[in-house]
Structure formats: structure tokens, C-alpha cells
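Asks: For reference, the structure I am asking about is given below.
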Amino acid sequence: MTLRLVAMADTHGAHHRLEVPDGDVLIHAGDLTPRGTRPQLEEMTRWLRSLPHRHKVVIAGNHDFFVQEKPAEARALFEGLTYLEDEAVVIDGVRVWGSPWQPWFHDWAFNLRRGPDIDAKWKLIPEGVDVLVTHGPPAGMGDKCWDGRRVGCDDLLRHLARVKPKVHLFGHIHEDKGEWLHGATRVINVTTSDCELPCTVIDVETA
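Final position of the sequence shown in the numbering used here is 1267; the numbers increase by one with none missing.
Next comes the structure, spelled out in C-alpha cells:
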């Protein structure tokens, strides 16, 4: 059997423009809001709850300041959704791990310095994860900015090789949507880029 994932990222408050396909699990890979205020997050979570998917898995991104600054209040707003921050959920035998961090990017939310700081977060990802959801990309795949810079995380790439998930989903870099293969892992930038790009649909075999 398969589990149909419908993935998006970087909606930035433009979610009402997005056509969302049917599926079993809706995944939002961060940047739910434009500026990370509580009212913006309230509006977004109401919209997510209104969608018909059986399961909805959400992580934060670098625009989602309220989630980092007021974590208890933010978690209350995710009622009816599954918010993941360095933690897992199992859905129909498929283990999903979510993490919002990325290497330091301007002065946004969920930034960590490259090296030991961010590596400590990736070390938390256990083996046996089927679907890895992060906000930022690994180095070299889906990480190319408009000016040619690559901003993906080398440490995340190294842990991707350790964990070997079936699928790694992320957003963050609007200019480099697409799919790559790293070993047996499908690596997919699922950005919807302010809802100018479509959602990504992925079928994952269940246990």
C-alpha cells in the first residue's frame, strides 16, 4: 500500500491562492507566514485545519518568528495539526521526522551556525525515519539561490547518508524547486514560492 503525501513550503501567507491536491497526508515544510506574527499564524493554522487531508504535518521555517519566540503559545495554535520540532510521528507505519533549522540565513528565525551548533540538531534524527522534513536543503541539492550561491547544509547532507530516509522534503530556497536522488533517497525541494508554484505529490510505500 502507499501513502500519498501532498507537500508545500514557503506559502508566506498567500495560501488562499494555492490549489491543494487530494492526498492522505498534507506536509508543510515551513515558512507558513510572511513575517511570523501571531495573527498570521492563527490565519494559517485555521486554513490548514479546513483542508480535507486525514493527517497534517507542519514544521516552522525562518519566517515563523512567533513559533520560536513563543513556543508554548504557538503549539496551542497547532491544535488539530501535528507540529514537529526535532521529533517524529508515525502515520500508517510511515515514520516522519520534522525539524525547522537551517544554517544562518540573514537574521531570521530558527537559524544556527554551521558546524557543531546545527550538527547537534541533525544528530537527533534517528535511523528508521522514512520521511525527513526540514525547512532548509542539504548541500548541493535544491539549494541554489538566484545569484548562484549554494546555501545548503553540509552536515545535513552527511546525516542524510546516515539515516537513509525514503524521502527528504524541504523548501526555503524558492529558486531551486525540483527532485534529486541521493543514494536511495528522493531529495525534493517542495517550495510553492509564495504559492506561485504547485504543491508536490509523493507516494510512499507503507510498512
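Every residue gets a Cβ at the ideal spot worked out from N, C-alpha and C, and that includes glycine.
Take valine 1189 and list the residues in its own chain whose beta-carbon comes closer than 6 Å to its own, dropping the five residues that flank it on each side.
Replies: If we look at valine 1189 and ignore the five residues flanking it on each side, its Cβ neighbours are Arg1155, Trp1157, Val1223, Pro1225.
Asks: What does the Cβ neighbour count give for cysteine 1259, buried or exposed, with the cut at 16 atoms within 10 Å?
Replies: The residue is buried, with at least 16 neighbouring Cβ atoms inside 10 Å.
Asks: Given a threshold of 16 other Cβ atoms within 10 Å of its Cβ, counted over all protein chains shown, does valine 1191 qualify as buried or as exposed?
Replies: buried
Asks: Do you know offhand how far tryptophan 1107's Cα is from alanine 1074's?
Replies: 11 Å
Asks: Here's a check: name, in chain order, each residue in its chain whose Cβ is nearer than 7 Å to the Cβ of asparagine 1249, leaving out the five neighbours to either side.
Replies: Pro1197, Gly1202, Phe1230, Gly1231, Ile1233, Asp1236, Lys1237, Gly1238
Asks: With methionine 1104 as the anchor, note down where its alpha helix (DSSP H) starts and where it stops.
Replies: Element bounds for methionine 1104: 1098 to 1110.
Asks: Could you tell me the alpha carbon to alpha carbon distance between aspartate 1177 and methionine 1068, rounded to whole angstroms?
Replies: 27 Å
Asks: Give every residue of the same chain whose Cβ lies closer than 6 Å to the Cβ of leucine 1217, excluding the five residues on either side of it in the sequence, and list them in chain order.
Replies: These residues qualify, in order along the chain: Pro1198, Ala1199.
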